[in-house]
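Written below as structure tokens is the structure these notes are about.
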Amino acid sequence: PNPYQEDMDSDGVGDVCDDDIDGDGYFNDSDNCPLHVNPNQADADGDGVGDVCDPDDDNDGVADGSDNCPYIANPDQSDFDADGFGDACDSDVDGDGIANAADLCGYTPIGAVVDASSGCSLAQLCPCDGPRGSTEAWRNHGKYVSCITHTVEIFFDQGLLTETTKGAIVSEAAQSSCGAKQ
1 PNPYQEDMDS DGVGDVCDDD IDGDGYFNDS DNCPLHVNPN QADADGDGVG DVCDPDDDND
61 GVADGSDNCP YIANPDQSDF DADGFGDACD SDVDGDGIAN AADLCGYTPI GAVVDASSGC
121 SLAQLCPCDG PRGSTEAWRN HGKYVSCITH TVEIFFDQGL LTETTKGAIV SEAAQSSCGA
181 KQ
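Per the working numbering: the sequence shown = residues 1 to 182.
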């Protein structure tokens with residue numbers, strides 16, 4: 001019986017008798033969202049509930065309306081650069097203008113000046129505790145200052161630093177204890 005003659009998809013066949021109530025081309029028994037048009041049967045989390053009617057498309061426990069990555073699980077909603085895109089789906093997690101795939105220094109501190117070719121800040125390229133990529137400390141203070149001097153020159157050439165700032169950074173490095181014998 002269809003006492004009210006409901007016909008959701010307005011195809012002239014009452015819903016009780018209609019094999020495809022929503023008219024999306026999929027029979028009700030194989031439609032992952034039978035009461036909502038979902039022509040491509042998208043189901044991002046593979047839970048059998050179509051994205052159109054799934055309140056949590058990535059199944060991370062955060063409803064889509066509040067999820068900063070609705071199609072990729074990001075249960076803690078981390079968003080390092082606070083741009084509204086969760087880290088799990090953000091193409092530039094640290095917001096430094098260098099895409100994650102090309103960024104050699106992910107999670108660069110927000111606002112840091114970065115090398116355009118690597119996405120690394122000065123502190124990441126010449127960390128005080130030892131050469132980048134090494135577990136060893138600087139062998140001497142001069143090596144650290146040399147790293148800083150070379151790197152600020154690159155940053156200056158890229159137009160990222162002024163002459164004054166460049167000089168101040170080198171002076172600060174020279175006065176630091178980085179690489180100094182203990």
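Virtual Cβ for every residue (Gly too), placed ideally from N, Cα, C.
A Cβ-Cβ separation of about 13 Å leaves Asp94 out of contact with Gly86 under the 8 Å criterion. For Thr165, the enclosing alpha helix (DSSP H) has its first and last residue at Glu163 to Gln175. In the structure shown, the three-state DSSP call for Val52 is helix.
If you compare the alpha carbons of Ile148, Val37 and Arg132 with that of Gly25, the shortest gap goes to Val37. Rounded to the nearest angstrom, the gap between the Cα atoms of Gln158 and Asp9 is 60 Å. Just so you know, the alpha carbons of Asn28 and Asp18 end up roughly 8 Å apart.
Excluding five sequence positions before and after Pro109, the CB atoms of its chain that fall closer than 7 Å to its own CB belong to Ser121, given in chain order.
In this structure, Cys33 sits near Gly50, with a CB-CB distance shorter than 8 Å.
Only residues of its own chain outside the window of five on either side were considered, and among them none has a CB closer than 8 Å to the CB of Pro3. Secondary structure note for Lys143: its alpha helix (DSSP H) is the uninterrupted segment His141 to Asp157.
With respect to the 8 Å criterion, Asp129 and Gly119 are not classified as neighbours on the basis of their beta carbons.
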